[in-house]
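Accompanying notes for the structure given below.
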Amino acid sequence: KYKMLMLFRRNISTSRNLLKKGKNSNIDKSLVPVIVEEDLEEKFIKGWGPGGQSVNKTVNAVFLRHVPTGIWVKCHEHRSLDQNRKTARKLLITRMDDELNGEDSVSSQERRLASGRRQQKREKTRLKYEKK
Amino acid sequence: MALHLSRAVRRVAHFSGISGSRCFAAVASFSVNNNLLKTLFYNQRHENSDTVFFYTTKRNFSVLTNKKNVPRKYCRGFSSPATGIDTNSNVQCVLEAVHKILEDAEIPEAETCSRYLVSQVLGSTKQFAYKEHLQQKLDNAQVEELNRLVACRLARMPVQYLAGNWDFREITLQVRPPVFIPRPETEQLVDIVLDHLPSKTSQRLLEVGPGTGNICLSLLHENPDIQVTALERSKMAADLTKENAKLLNLDQRLEVIEMKVEANTTLPPNSDQTPQPVQYDALVSNPPYVLRKDLISLAPEIYVYEDLRALDGGAEGLDVILNILRLALKYVKPDGLIFLEVDPCHPHILPLHLEKQALPFKIDKVLKDFQDKERFLILSRSS
Numbered sequence: 562k563y564k565m566l567m568l569f570r571r572n573i574s575t576s577r578n579l580l581k582k583g584k585n586s587n588i589d590k591s592l593v594p595v596i597v598e599e600d601l602e603e604k605f606i607k608g609w610g611p612g613g614q615s616v617n618k619t620v621n622a623v624f625l626r627h628v629p630t631g632i633w634v635k636c637h638e639h640r641s642l643d644q645n646r647k648t649a650r651k652l653l654i655t656r657m658d659d660e661l662n663g664e665d666s667v668s669s670q671e672r673r674l675a676s677g678r679r680q681q682k683r684e685k686t687r688l689k690y691e692k693k
Numbered sequence: 250m251a252l253h254l255s256r257a258v259r260r261v262a263h264f265s266g267i268s269g270s271r272c273f274a275a276v277a278s279f280s281v282n283n284n285l286l287k288t289l290f291y292n293q294r295h296e297n298s299d300t301v302f303f304y305t306t307k308r309n310f311s312v313l314t315n316k317k318n319v320p321r322k323y324c325r326g327f328s329s330p331a332t333g334i335d336t337n338s339n340v341q342c343v344l345e346a347v348h349k350i351l352e353d354a355e356i357p358e359a360e361t362c363s364r365y366l367v368s369q370v371l372g373s374t375k376q377f378a379y380k381e382h383l384q385q386k387l388d389n390a391q392v393e394e395l396n397r398l399v400a401c402r403l404a405r406m407p408v409q410y411l412a413g414n415w416d417f418r419e420i421t422l423q424v425r426p427p428v429f430i431p432r433p434e435t436e437q438l439v440d441i442v443l444d445h446l447p448s449k450t451s452q453r454l455l456e457v458g459p460g461t462g463n464i465c466l467s468l469l470h471e472n473p474d475i476q477v478t479a480l481e482r483s484k485m486a487a488d489l490t491k492e493n494a495k496l497l498n499l500d501q502r503l504e505v506i507e508m509k510v511e512a513n514t515t516l517p518p519n520s521d522q523t524p525q526p527v528q529y530d531a532l533v534s535n536p537p538y539v540l541r542k543d544l545i546s547l548a549p550e551i552y553v554y555e556d557l558r559a560l561d562g563g564a565e566g567l568d569v570i571l572n573i574l575r576l577a578l579k580y581v582k583p584d585g586l587i588f589l590e591v592d593p594c595h596p597h598i599l600p601l602h603l604e605k606q607a608l609p610f611k612i613d614k615v616l617k618d619f620q621d622k623e624r625f626l627i628l629s630r631s632s
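These protein sequences, in sequence, are chains A and B. Throughout, our numbering is defined as the position within the first sequence, counted from one, plus 561. Throughout, our numbering is defined as the position within the second sequence, counted from one, plus 249.
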């Protein structure tokens, strides 16, 4: 469908974005799901009436569903509809990563790393005060 | 038919710090056509009476009715409703109170609006910012501001005008009445234009009717190789576009010319007095395209506060569009594209008009908006 293609012809796919970003190269991102626009179903608030110039609504929530898995997200954090659509895709990938990859998801790895770092810090502080 | 004036909107204008006469330029500009005025305000008639109740300013009232010095008896007092919001309630209660007030007054989108207004007095533009302050109490200044915002919203002032700024794609624009508020459909128009422009080559674009500057400034922001010349008939909109351009640091690549596009319009000559040549690679516009018969059913947020000249496209909604195409004939390169946002009926009725008016353009593509309506046209010169 036009509206979905249009969003991503110029932008790198958000999956690849997730692969590129990341402070820590220790995180394995190879399992992050890649979404294909054809598998997505996007819905908006109903009751828009004639639309266009005749309507002035501030409610611009986006409901995005990945049809093969049935996983869906809602995004209405931005005032711009376009930004909501882009953020919805990022949220969907994260949600799918968490549900499908469980322990191996990016967020699980990040949590393990963070708790690992916290433990290291505690150890360091403990050793520091033991020496005194 | 006796017309009663409500001071509500003058109060609103005072509250919002906008000069009353500027708020309602749109209403005054239709005073020459009284039939239109009567139909516009027809559904504001009180039940069982011949009186029409509508919001306007004292100045416009005298323009509309040709009365000089409006006598006081025509002005009905309006006092802000007691909101019951004070410094003793926490944000959670305040939010619920605002929601109830708006809902009882049958204000559309009451829930979303209450969130935006409460978050606004807490200093944020994000709808859900209030969640981080649920147990906090508002101070006196915040309570006063919130009461002002609620009073204005009860007078149907759009949320975007209350906020003073709104987001459009990746940029934030200042918005103020009566300049037309960008609609979400138009965000897609920017995508369409960017997709059809060759990359990495400098392009000169012509825009008709920038309004707040949402289209041209988004294009300039997302593509560093573009230059835009924007033509705007309203001084207030032209000033706002320039202001937004400056705030976004995009004013170097944007030229705003205050002029109206009519059938035989020519662009102002160059500084050396030579006429402007054909030089634009493309034209983009979200022109007034609402059909005259649909203007009647607009919400008060639109017909009171926004400039109706930004909406009224004439009987078939094509008046301005056809003038834009005549302009394109003169100033857009023969292989250049024209990008328009239109009413869903236009893809079907425009070709006939193009033929009748002997305008050598054809519709290359018709694209749908997120509501699945045919909203965008790409036109090119037909040989």
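We put the CB at the ideal spot given by N, CA and C, even for glycine. Owing to the predicted nature of the structure, the values given are computational and were not obtained by experimental measurement.
Using C-beta distances below 7 Å, list every residue in its chain close to residue i, excluding the 5 sequence neighbours before and after it, in chain order.
i                 : result
Glu-623 (chain B) : Pro-593, Pro-596, Val-615 and Lys-617
Glu-602 (chain A) : Arg-626 and Val-628
Arg-541 (chain B) : Asp-561, Gly-563 and Ala-564
Ser-666 (chain A) : Asp-658 and Asp-659
Val-399 (chain B) : Thr-332, Val-347, Ile-350 and Leu-366
Phe-417 (chain B) : Pro-431, Glu-436, Asn-463 and Ser-467
Asn-339 (chain B) : Leu-383, Gln-384, Gln-385 and Lys-386
Ala-649 (chain A) : Val-623, Leu-625, Val-634 and Cys-636
Pro-407 (chain B) : Ile-430, Glu-550 and Tyr-554
Is it buried or exposed for residue i, if we count other Cβ within 10 angstroms and need 16 for buried?
i                 : result
Pro-473 (chain B) : exposed
Pro-609 (chain B) : exposed
Asp-440 (chain B) : buried
Ser-448 (chain B) : exposed
Gly-612 (chain A) : buried
Asn-493 (chain B) : buried
Gly-610 (chain A) : exposed
Ala-675 (chain A) : exposed
Pro-459 (chain B) : buried
Gln-644 (chain A) : buried
Leu-383 (chain B) : exposed
Ser-591 (chain A) : exposed
Ile-570 (chain B) : buried
Tyr-690 (chain A) : exposed
Arg-405 (chain B) : buried
Glu-599 (chain A) : exposed
Ser-451 (chain B) : exposed
Arg-679 (chain A) : exposed
Ile-545 (chain B) : exposed
Asn-337 (chain B) : exposed
Lys-491 (chain B) : buried
Mind reading off the beta-carbon distance from residue i to residue j? Whole number of angstroms is fine, and I expect it under 8 Å.
i                 : j                 : result
Ile-430 (chain B) : Asn-617 (chain A) : 6 Å
Leu-589 (chain B) : Lys-611 (chain B) : About 13 Å separates the two Cβ atoms, so there is no contact after all.
Leu-422 (chain B) : Thr-461 (chain B) : 5 Å
Taking 8 Å as the threshold (C-beta atoms), are residue j and residue i in contact?
i                 : j                 : result
Tyr-365 (chain B) : Thr-630 (chain A) : no
Val-505 (chain B) : Val-442 (chain B) : no
Val-457 (chain B) : Val-510 (chain B) : yes
Pro-427 (chain B) : Tyr-554 (chain B) : yes
Leu-411 (chain B) : Arg-402 (chain B) : yes
Ser-668 (chain A) : Thr-655 (chain A) : yes
Arg-640 (chain A) : Thr-374 (chain B) : yes
Ile-588 (chain A) : Glu-671 (chain A) : yes
Phe-619 (chain B) : Phe-605 (chain A) : yes
Leu-567 (chain B) : Leu-599 (chain B) : yes
Tyr-580 (chain B) : Leu-497 (chain B) : no
Leu-446 (chain B) : Ala-479 (chain B) : no
Keeping to the same chain, check which residues put their C-beta closer than 6 Å to that of residue i; ignore five residues upstream and five downstream.
i                 : result
Gly-585 (chain B) : Asp-530 and Ala-531
Val-281 (chain B) : Residue placement at Val-281 (chain B) is flagged as unreliable, the pLDDT there being 30, under the threshold of 50; the coordinate-derived value follows with that caveat. Result list for Val-281 (chain B): empty, nothing under 6 Å.
Lys-682 (chain A) : none
Val-597 (chain A) : none
Ala-486 (chain B) : Val-428 and Gly-460
Pro-583 (chain B) : Arg-630
Glu-684 (chain A) : none
Gln-476 (chain B) : Arg-453 and Arg-502
Got a sec? Which residues, its chain only, sit under 8 Å from residue i by beta carbon, not counting five neighbours each side?
i                 : result
Asn-513 (chain B) : Arg-575
Glu-419 (chain B) : Ser-467, His-470 and Glu-471
Asn-414 (chain B) : Thr-374, Thr-421, Leu-422, Gln-423 and Val-424
Listed in chain order, which residues of the stretch 396-423 of chain B have Cβ atoms closer than 8 Å to some Cβ of chain A? Pro-407, Val-408, Gln-409, Trp-415, Asp-416, Phe-417, Arg-418 and Glu-419
Residues within the stretch 608-626 of chain A neighbouring chain B, beta-carbon criterion of under 8 Å: Trp-609, Pro-611, Gly-612, Gly-613, Gln-614, Ser-615, Val-616, Asn-617, Lys-618, Thr-619, Val-620 and Asn-621
Residues from the stretch 542-572 of chain B in contact with chain A, defined by Cβ distance under 8 Å: Asp-543, Ser-546, Leu-547, Ala-548, Glu-550, Ile-551, Glu-555, Ala-559 and Leu-560
Give me the subset of the stretch 661-681 of chain A whose CB atoms are less than 7 Å from a CB atom of chain B, sorted by chain position. none
Quick one, which residues of the stretch 627-643 of chain A are near chain B if we go by CB-CB under 8 Å, in chain order? His-637, Glu-638, His-639, Arg-640, Ser-641, Leu-642 and Asp-643
Identify each residue in the stretch 585-613 of chain B for which the Cβ-Cβ distance to at least one residue of chain A is less than 9 Å, and report them in chain order. Glu-590, Val-591, Asp-592 and Pro-593
Against chain A, which members of the stretch 374-395 of chain B pass a CB distance test of less than 8 Å? Thr-374, Lys-375, Gln-376 and Phe-377
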